[in-house]
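Worksheet: one structure, shown below.
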């Protein structure tokens, strides 16, 4: 059964910031389009298989409630409910994503 994939306002802002940084700071609008489209293509896979992503655990091996998918240098963090997947954040992989997710 397919589930719907929903993006939080923060995740949408993350995608806008990713696009803006690559397009404006790195001066590569084509790369910005490609990067954001790859992330969206990856998260589209969740509608058919919500558990495809890796579970995210705290240091004490407790499950955080999040899963994540990797798309190049970015991580899309999401939660699964009965009929939906909620993408909460899309974060550059070298950032302290645990601190960002759980602040």
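Residue numbers (my numbering): 11 to 113. Ideal placement from N, C-alpha and C gives every residue a C-beta, glycine not left out. No experiment lies behind these values; they were computed from the predicted model shown.
Inset, instruction - Put residue 13 into one of helix, strand or coil per three-state DSSP. - result: Start at 1 with the first residue of the chain shown, and residue 13 comes out as number 3. In this structure, residue 13 counts as coil in the three-state DSSP scheme.
Inset, instruction - State the start and end residues of the unbroken beta strand (DSSP E) segment that holds residue 49. - result: Position 39 of the chain shown, counting from 1, holds the residue named residue 49. Segment 39-54 is the alpha helix (DSSP H) holding residue 49; no beta strand (DSSP E) there.
Legend entry - Beta-carbon proximity list for residue 21, same chain, < 7 angstroms, skipping 5 on both sides: Translated into positions along the chain shown, residue 21 becomes position 11. Taking residue 21 as the centre and dropping the five residues before and after it, the same chain places the C-beta of 97, 98, 99, 100 closer than 7 angstroms to its C-beta, in chain order.
Inset, instruction - Evaluate the contact criterion for the region 34-45 versus the region 62-77: three or more CB pairs, one atom per stretch, below 8 angstroms. - result: no
Inset, instruction - Could you spell out where the beta strand (DSSP E) holding residue 62 opens and where it closes? - result: Here residue 62 refers to the residue found at position 52 of the chain shown. No beta strand (DSSP E) holds residue 62; DSSP gives it neither H nor E.
Legend entry - Counterpart residues of residue 80 in DSSP-defined beta bridges: Working through the chain shown from its first residue, we reach residue 80 at position 70. Paired residues: 85.
Inset, instruction - Could you tell me the boundaries of the alpha helix (DSSP H) in which residue 28 lies? - result: The residue labelled residue 28 in the question sits at position 18 within the chain shown. Note, residue 28: alpha helix (DSSP H), 19-30.
Legend entry - Of the residues 30, 56, 48, the one placed nearest residue 15, counting alpha carbons only: Here residue 15 corresponds to residue number 5 of the chain shown, with the count starting at 1. Among 30, 56, 48, the Cα nearest to that of residue 15 is on 56.
Inset, instruction - Go to residue 68, then tell me how far its beta strand (DSSP E) extends in each direction, as first and last residue. - result: The residue labelled residue 68 in the question sits at position 58 within the chain shown. Segment: none, residue 68 is in no beta strand (DSSP E) and carries neither H nor E.
Inset, instruction - List the endpoints of the continuous beta strand (DSSP E) containing residue 106. - result: Residue mapping note: residue 106 aligns to position 96 of the chain shown, counting from 1. No beta strand (DSSP E) holds residue 106; DSSP gives it neither H nor E.
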